[in-house]
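**Q** Residue numbers (our numbering): 159 to 401.
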Ligand code: NAP
């Protein structure tokens, strides 16, 4: 049975990925940081689907916690076949108004967290002779967003990280790809008013905000045999918003 480790699986996109892979029979390692109740309810949902799961509290900014999380997953399931670097936070402010603490936190969670997690997972994938890593970036990592300059930088970093790892570990049958979602309906966008959402929808050719399943379905495609010749790619899922 294959094992997937998803960072930031307690809510939003990560949660949807966890549920989809559980339905497909994968062992699911659920990482969370603050949302313990949501993580527990996801665990119960997955177990009720007759899939195996483990709950892993870790702040991905902290390399010791990340290392422990990876070791716990290996102790429980023996191997990690798929890693999804999904944990992330965003901000909405002028750069000049951003505290140094927040700037560091965004980079540390979104970029460094993904680097630490990959660094600790890859040795086990090498032992296993295979692996898939999916990094969840953003359209703003491709295009840059006003009021989200640190966020956009962290996500642009993930794109370079993806391409670098793909070149470094493709030879070892570890395939690394990056998904750049557009606007997806999660807590991350809960502060948008109805009129702001409507304004954005007008600019999206398919005339809707994305669902978490729009992302999880692509993760599954990349991680199953359908994705076995796709490596180092940056795939935009935004309904045509950034065309
Ligand atoms: P969300 O609903 O706000 O969920 C964020 C997840 O990240 C939560 O499960 C949270 O866990 C976790 N997280 C935050 N800080 C963490 C930390 N230090 N350590 C471990 N986990 C942490 O956001 P989302 O929309 O699902 O976003 C998921 C990913 O997609 C992010 O990387 C985001 O940048 C990216 N993305 C989202 C959109 C969008 O429109 N929603 C668009 C482009 C890209 P806890 O609550 O347990 O702390």
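Note that the Cβ used here is the ideal one computed from N, Cα and C, for glycine as well.
This one's a predicted model, so the numbers in the text were calculated from it and none came from an experiment.
Using only the alpha-carbon positions, how far apart do residue 307 and residue 168 sit?
**A** Cα-Cα distance, rounded: 26 Å.
**Q** Quick one: is residue 323 buried, meaning 16 or more other Cβ sit within 10 Å of its Cβ, or exposed?
**A** Buried.
**Q** Give the straight-line distance between the Cα atoms of residue 221 and residue 275, rounded to the nearest whole angstrom.
**A** Their backbone Cα atoms lie some 8 Å apart in a straight line.
**Q** Is it the case that the CB of residue 168 approaches a heavy atom of the ligand NAP more closely than 7 Å?
**A** At least one heavy atom of the ligand NAP is nearer than 7 Å to the Cβ of residue 168, so yes.
**Q** In the DSSP assignment, find the beta strand (DSSP E) that holds residue 289 and state where it starts and stops.
**A** Where residue 289 is concerned, the enclosing beta strand (DSSP E) stretches over 289–294.
**Q** For residue 237, I'd like the list of residues in its chain whose CB is within less than 7 Å of its CB, leaving aside the five on either flank, ordered along the chain.
**A** Only 161, 282, 286 meet the Cβ criterion.
**Q** If contact is defined by three or more beta carbon pairs under 8 Å, each pair taking one atom from either stretch, is the stretch 207–215 in contact with the stretch 338–355?
**A** In short, these stretches do not touch, since the Cβ pair count stays below three.
**Q** Note down, in chain order, each residue of its chain lying with its Cβ closer than 8 Å to the Cβ of residue 188, except the 5 sequence neighbours on either side.
**A** The residues are 164, 167, 168, 176, 197, 200, 201, 204, 211, 212, 213, 214.
**Q** Flag residue 172 as yes when its Cβ comes closer than 7 Å to any non-hydrogen atom of the ligand GDP, and as no otherwise.
**A** Annotation note on the ligand GDP: not contained in the displayed structure, which lists the ligand NAP as its ligands.
**Q** Between residue 185 and residue 208, what straight-line distance do the alpha-carbon atoms span, to the nearest angstrom?
**A** Going by the C-alpha atoms only, they are around 10 Å apart.
**Q** From 179, 340, 270, 370, pick the residue whose C-alpha is nearest to that of residue 392; which is it?
**A** Cα-wise, what sits closest to residue 392 is 340.
**Q** Exposed or buried, which one is residue 194 when buried takes at least 16 other CB atoms within 10 Å?
**A** Per the 10 Å Cβ criterion, exposed.
**Q** Could you pull the DSSP bridge partners for residue 215 from this structure?
**A** Paired residue(s): 190.
**Q** State buried or exposed for residue 333, treating a residue as buried only when at least 16 other CB atoms are found within 10 Å of its CB.
**A** So residue 333 counts as buried.
**Q** For residue 329, is the classification buried or exposed, using 16 other Cβ atoms within 10 angstroms of its Cβ as the cut-off for buried?
**A** Answer is exposed; the Cβ neighbour count stays below 16.
**Q** Are the beta-carbon atoms of residue 290 and residue 239 separated by less than 8 Å?
**A** A contact, by the Cβ cut-off of 8 Å.
**Q** Given a threshold of 16 other Cβ atoms within 10 Å of its Cβ, counted over all protein chains shown, does residue 173 qualify as buried or as exposed?
**A** The residue in question, residue 173, is buried, as its Cβ has 16 or more Cβ neighbours within 10 Å.
**Q** For residue 185, which residues does DSSP report across the bridge?
**A** For residue 185, which the question treats as bridged, DSSP gives the partners 161.
**Q** Between which two residues does the beta strand (DSSP E) carrying residue 388 extend?
**A** Note, residue 388: premise wrong, no beta strand (DSSP E); not H, not E.
**Q** Rounded to whole angstroms, what's the CA-CA distance from residue 336 to residue 248? Just pull it up for me.
**A** The straight-line gap from Cα to Cα measures roughly 18 Å.
**Q** Pair every Cβ in the stretch 296–304 with every Cβ in the stretch 355–375, then say whether three or more of these pairs are closer than 8 Å.
**A** Taking 8 Å as the limit for Cβ pairs, the verdict is that the stretch 355–375 does not touch the stretch 296–304.
**Q** Between the C-alpha atoms of residue 381 and residue 257, what's the straight-line distance to the nearest angstrom?
**A** Those two C-alpha atoms are separated by around 38 Å.
**Q** Going by DSSP, name the residue or residues bridged to residue 240.
**A** Answer is 162, 290.
**Q** Leaving out five residues before and five after residue 327 in sequence, what residues of the same chain have Cβ atoms less than 6 Å from its Cβ?
**A** So the list is empty, once near-sequence residues are dropped.
**Q** Suppose the cutoff is 6 Å on Cβ atoms and the five residues either side in sequence are ignored; what does the same chain contact list for residue 228 look like?
**A** Around residue 228: 278, 279.
**Q** Along the chain, where does the beta strand (DSSP E) that runs through residue 333 open and close?
**A** Segment 332–339, the beta strand (DSSP E) holding residue 333.
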